[in-house]
Amino acid sequence: SIPLGYFGGIGLASRNGILFKGGNFLDVMTKIDTVVMDKTGTLTKGVFKVQEVVAVNIDKEELVKLVALLERNSTHPIAQAIIDSAGTLVEEEKYTAVEEIAGHGLKGNLGTKVVLAGNSRLLKKYGVPYPPEVDVTGSTVVLVAIDERYVGYITIADELKEDVVATVKQLHALRIKTVMLSGDKQTVVDEVAKKLGITAAFGGLLPEDKVTALTRLKNEGRQVAFVGDGINDAPVLALADVGIAMGGLGSDAAIETADIVIQNDQVLKIVTAIKIGKLTRNIVW
Ligand code: ADP
Ligand code: MG
Numbered sequence: 300s301i302p303l304g305y306f307g308g309i310g311l312a313s314r315n316g317i318l319f320k321g322g323n324f325l326d327v328m329t330k331i332d333t334v335v336m337d338k339t340g341t342l343t344k345g346v347f348k349v350q351e352v353v354a355v356n357i358d359k360e361e362l363v364k365l366v367a368l369l370e371r372n373s374t375h376p377i378a379q380a381i382i383d384s385a386g387t388l389v390e391e392e393k394y395t396a397v398e399e400i401a402g403h404g405l406k407g408n409l410g411t412k413v414v415l416a417g418n419s420r421l422l423k424k425y426g427v428p429y430p431p432e433v434d435v436t437g438s439t440v441v442l443v444a445i446d447e448r449y450v451g452y453i454t455i456a457d458e459l460k461e462d463v464v465a466t467v468k469q470l471h472a473l474r475i476k477t478v479m480l481s482g483d484k485q486t487v488v489d490e491v492a493k494k495l496g497i498t499a500a501f502g503g504l505l506p507e508d509k510v511t512a513l514t515r516l517k518n519e520g521r522q523v524a525f526v527g528d529g530i531n532d533a534p535v536l537a538l539a540d541v542g543i544a545m546g547g548l549g550s551d552a553a554i555e556t557a558d559i560v561i562q563n564d565q566v567l568k569i570v571t572a573i574k575i576g577k578l579t580r581n582i583v584w
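Here is the structure:
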């Protein structure tokens with residue numbers, strides 16, 4: 300019978316660590332022709348490590364501590380990396396008037412100092428000049444400014460998840476296109492895309508730019524699944540034909556908005572979900 304087929308599919312999926320929030324999504328998964336993915340926390344582990352600190356007219360250690368104190372106000376994976384590398388922080392020192400600007404970074408006041416920590420877009424927004432070479436490095440960079448003066452940067456690296464190469468290969472074998480949308484800069488995004496053989500990759504996107512990009516794909520008549528870890532991704536998760544959240548690192552908002560939740564961080568489960576959808580369809584029809 301029809302309901303039994305769907306129940307069976309949902310059960311099979313859940314035993315595989317994939318939560319379907321409705322039987323209809325089993326069906327939608329079989330019709331997907333494009334899988335759009337966020338980079339950080341989806342294709343990469345989302346566990347950043349500090350690699351290099353460049354300090355200008357300030358002590359390196361002081362720079363890292365200054366940024367770490369500010370990053371305490373953020374849940375972004377980048378924040379944790381910087382906090383971890385800073386060692387013990389002085390409890391009494393606290394930022395005030397902290398603003399987290401999506402796709403940019405942080406701004407806050409420490410005593411009389413106004414501190415910025417984020418990407419080049421953040422420094423541009425506040426009219427702070429910085430050396431142009433930071434834009435062309437292949438790594439994620441957190442630029443730092445004190446009172447509108449550039450004082451250096453921290454480079455941060457994230458690793459690809461082990462199963463992402465296989466995932467992209469298997470999706471392509473199913474004739475599904477892969478697209479990466481990321482807030483990280485284009486040079487970083489291009490490197491990841493090349494390693495994975497992703498069909499198309501767009502970087503430097505704000506959350507609203509991801510919505511625009513997804514809308515464009517849908518207007519082309521594509522059946523789109525969006526896969527994200529959810530930090531800032533709730534709008535695109537909702538807009539996609541199927542929104543898939545990574546449950547491991549994923550934000551609560553993402554898990555709430557998503558149609559399918561993958562309970563660990565294995566991206567390859569996207570392929571499993573499609574296969575279970577197809578299997579269920581064959582039983583149902
Ligand atoms: P992604 O799409 O790769 O998940 P996000 O939209 O979460 O990226 O973030 C985009 C960019 O904004 C980051 O690569 C980083 O440059 C900057 N950024 C965001 N949050 C922070 C933060 N807390 N500290 C420093 N930089 C940040
Ligand atoms: Mg993200």
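In UniProt numbering, each residue carries its 1-based index in the sequence shown increased by 299.
For glycine and all other residues, C-beta sits at the position ideal for the given N, C-alpha and C.
Beta-ladder partner(s) of residue i, from DSSP
{"i": "A380", "result": "According to DSSP, A380 bridges with nothing at all."}
{"i": "L405", "result": "E399 and A416"}
{"i": "T454", "result": "E351 and V440"}
{"i": "D337", "result": "L480"}
Buried or exposed (CB count within 10 angstroms, at least 16 for buried), residue i
{"i": "I475", "result": "buried"}
{"i": "E370", "result": "buried"}
{"i": "G426", "result": "exposed"}
{"i": "K493", "result": "exposed"}
{"i": "K338", "result": "buried"}
{"i": "N563", "result": "exposed"}
{"i": "V433", "result": "buried"}
Residue i beta carbon near the ligand ADP (any heavy atom closer than 7 Å)
{"i": "S481", "result": "yes"}
{"i": "E399", "result": "yes"}
{"i": "L405", "result": "yes"}
{"i": "N356", "result": "no"}
{"i": "T439", "result": "yes"}
{"i": "A456", "result": "no"}
{"i": "D446", "result": "no"}
{"i": "N315", "result": "no"}
{"i": "S373", "result": "yes"}
{"i": "G402", "result": "yes"}
{"i": "I377", "result": "yes"}
{"i": "A533", "result": "no"}
{"i": "D551", "result": "no"}
{"i": "G576", "result": "no"}
{"i": "D564", "result": "no"}
Rounded straight-line distance, which links the Cα of residue j to that of residue i
{"i": "G527", "j": "L504", "result": "14 Å"}
{"i": "S384", "j": "E360", "result": "10 Å"}
{"i": "V435", "j": "Q485", "result": "9 Å"}
{"i": "L480", "j": "A500", "result": "6 Å"}
{"i": "I582", "j": "A572", "result": "15 Å"}
{"i": "G321", "j": "T374", "result": "30 Å"}
{"i": "I543", "j": "D462", "result": "17 Å"}
{"i": "E399", "j": "V440", "result": "17 Å"}
{"i": "G496", "j": "E351", "result": "28 Å"}
{"i": "G394", "j": "E447", "result": "Note that residue 394 corresponds to Tyr in the displayed sequence, not to Gly. Between Y394 and E447, the C-alpha separation is close to 17 Å."}
{"i": "M545", "j": "L405", "result": "25 Å"}
{"i": "A537", "j": "T556", "result": "6 Å"}
{"i": "T415", "j": "L325", "result": "The question names Thr, but residue 415 in the sequence shown is Leu. Distance between the alpha carbons of L415 and L325 is about 45 Å."}
{"i": "G502", "j": "Q522", "result": "22 Å"}
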